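Numbering (UniProt numbering), first residue to last: 1 to 337. All remarks here apply to the structure that follows.
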């Protein structure tokens with residue numbers, strides 16, 4: 001034991017390896033040595049945990065530890081352990097329950113968590129670990145499920161009628177934006193927009209004889225524009241602009257023409273990935289096909305392979321992430337829920 005202790009001191013891991021000094025609360029009033037460590041050391045330990053599962057366990061262990069850590073940003077941290085792949089969150093027993101499963105596609109493990117704050121709510125979109133939830137009749141808010149951080153945004157009337165939401169960035173980052181869209185009838189679309197610091201939603205109603213029925217896929221945003229897939233495979237782009245008086249408005253135009261691929265598809269998903277708009281569709285034979293928008297010619301072009309990416313598809317949020325070395329034994333590149 002003395003050799004091990006000496007080695008742990010030289011490696012700088014005396015606190016973690018010296019287990020004989022750690023004792024639980026046995027009812028006599030003694031306290032685990034972990035809680036007597038300075039806060040900056042406890043945070044340092046958290047930052048060096050090797051996996052996201054370990055970090056989740058740390059955050060859920062006690063309120064003290066949860067209060068030490070800022071909400072997870074779920075992005076590559078050059079000074080720490082990077083998050084190279086997302087986990088999948090889905091509800092247990094109904095859309096508005098409070099228990100959720102977290103599925104790790106790399107290890108094929110599922111974790112169960114409770115989110116009481118989501119009672120009577122609906123998850124409308126997710127991005128970088130943050131959820132966008134709505135609660136009737138008008139409440140809408142961001143929520144980070146591991147630290148229980150809630151950020152309320154201005155109420156939105158007629159919220160239940162919105163077909164789809166998306167947001168860019170996170171509520172802790174500058175210049176985040178939320179978009180909502182509703183297809184009223186064949187020739188009418190409503191679009192809502194809320195930016196950081198805004199006290200009210202901007203709403204526009206677009207009338208056009210060129211609008212066919214919507215595809216009811218998830219909308220996506222590049223941070224300034226909203227992309228929405230129409231039933232015939234063409235894409236509408238709604239773009240923010242500011243007039244001479246400084247007021248924000250939303251303009252729109254058809255980004256590309258109808259697609260020859262669309263008639264074959266049962267399920268359709270839009271993804272904004274590395275500055276490109278990607279469309280994934282599942283055909284009637286359950287084959288999966290991927291095309292991207294070539295803005296130079298305004299047409300969809302096929303992508304034969306996604307060898308370097310893993311793609312996650314759902315009706316609310318879809319996305320891709322680049323494969324790391326940990327995915328070498330991972331057989332499937334596409335996950336559909």
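No residue lacks a Cβ here, since even glycine has one placed at the ideal position from N, Cα and C. Everything numeric in this text was worked out from a predicted model, so none of it was measured.
Can you give me the Cβ contacts of residue i inside the same chain, cut-off strictly under 7 Å, excluding the 5 residues immediately before and after it?
i: residue 11; result: Confidence at residue 11 is low in this model, with a pLDDT of 34, below 50, so the placement of that residue should be treated as unreliable; the coordinate-derived value is given next. Excluding residues within five positions, none has a Cβ falling inside 7 Å.
i: residue 253; result: 237
i: residue 125; result: 132, 165, 166, 167, 316 and 317
i: residue 242; result: 248
i: residue 114; result: 98 and 99
i: residue 301; result: 291, 292 and 294
i: residue 112; result: 99 and 101
i: residue 207; result: 187 and 188
Going by beta-carbon coordinates alone, are residue i and residue j separated by less than 8 Å?
i: residue 134; j: residue 122; result: yes
i: residue 119; j: residue 148; result: no
i: residue 181; j: residue 188; result: no
i: residue 255; j: residue 303; result: no
i: residue 201; j: residue 171; result: no
i: residue 227; j: residue 277; result: yes
i: residue 103; j: residue 91; result: no
i: residue 271; j: residue 220; result: yes
i: residue 269; j: residue 218; result: yes
i: residue 279; j: residue 229; result: yes
At what residues does the alpha helix (DSSP H) containing residue i begin and finish?
i: residue 41; result: 39-47
Under DSSP, the beta strand (DSSP E) around residue i begins and ends at which residues?
i: residue 152; result: 149-153
i: residue 167; result: 164-168
i: residue 252; result: 248-256
i: residue 205; result: 202-207
i: residue 127; result: 122-127
i: residue 233; result: Segment: none, residue 233 is in no beta strand (DSSP E) and carries neither H nor E.
i: residue 288; result: 288-294
i: residue 410; result: Outside the modelled stretch of the chain, which goes from 1 to 337, sits residue 410, for which no answer is possible.
i: residue 195; result: 188-195
i: residue 317; result: Per DSSP, residue 317 belongs to no beta strand (DSSP E) and is neither H nor E.
i: residue 283; result: 276-283
i: residue 130; result: 130-135
i: residue 115; result: No beta strand (DSSP E) contains residue 115, which DSSP labels as neither H nor E.
i: residue 174; result: No beta strand (DSSP E) contains residue 174, which DSSP labels as neither H nor E.
Tell me, please, which residues DSSP counts as bridged to residue i.
i: residue 144; result: 149
i: residue 239; result: 225 and 251
i: residue 268; result: 281
i: residue 301; result: 292
i: residue 110; result: 103
i: residue 181; result: 164 and 191
i: residue 90; result: 101
i: residue 139; result: 135
Can you name, in chain order, every residue of its own chain whose Cβ lies under 8 Å from the Cβ of residue i, other than the five neighbours on each side?
i: residue 198; result: 154
i: residue 65; result: 42, 46, 58 and 59
i: residue 160; result: 134, 136 and 137
i: residue 15; result: The predicted position of residue 15 is uncertain, since its pLDDT is 32 and thus under 50; no value can be drawn from it.
i: residue 225; result: 237, 238, 239 and 240
i: residue 275; result: 222
Can you list, in chain order, the residues of its chain whose CB lies under 6 Å from that of residue i, leaving out five sequence neighbours each side?
i: residue 177; result: 168 and 195
i: residue 27; result: Its pLDDT being 47, under 50, residue 27 is placed unreliably by the model, and nothing is read from it.
i: residue 203; result: 192
i: residue 30; result: Because residue 30 sits at a pLDDT of 46, beneath the cut-off of 50, its placement in the model cannot be relied upon, and the following sentence gives the value as read from the coordinates. Excluding sequence neighbours, residue 30 sits near nothing in its chain.
i: residue 162; result: 180 and 182
i: residue 267; result: 282
i: residue 145; result: 115
i: residue 223; result: 168
i: residue 150; result: 141 and 143
Legend entry - Meets three-Cβ-pair contact criterion under 8 Å: the segment 131-139 and the segment 284-300: no
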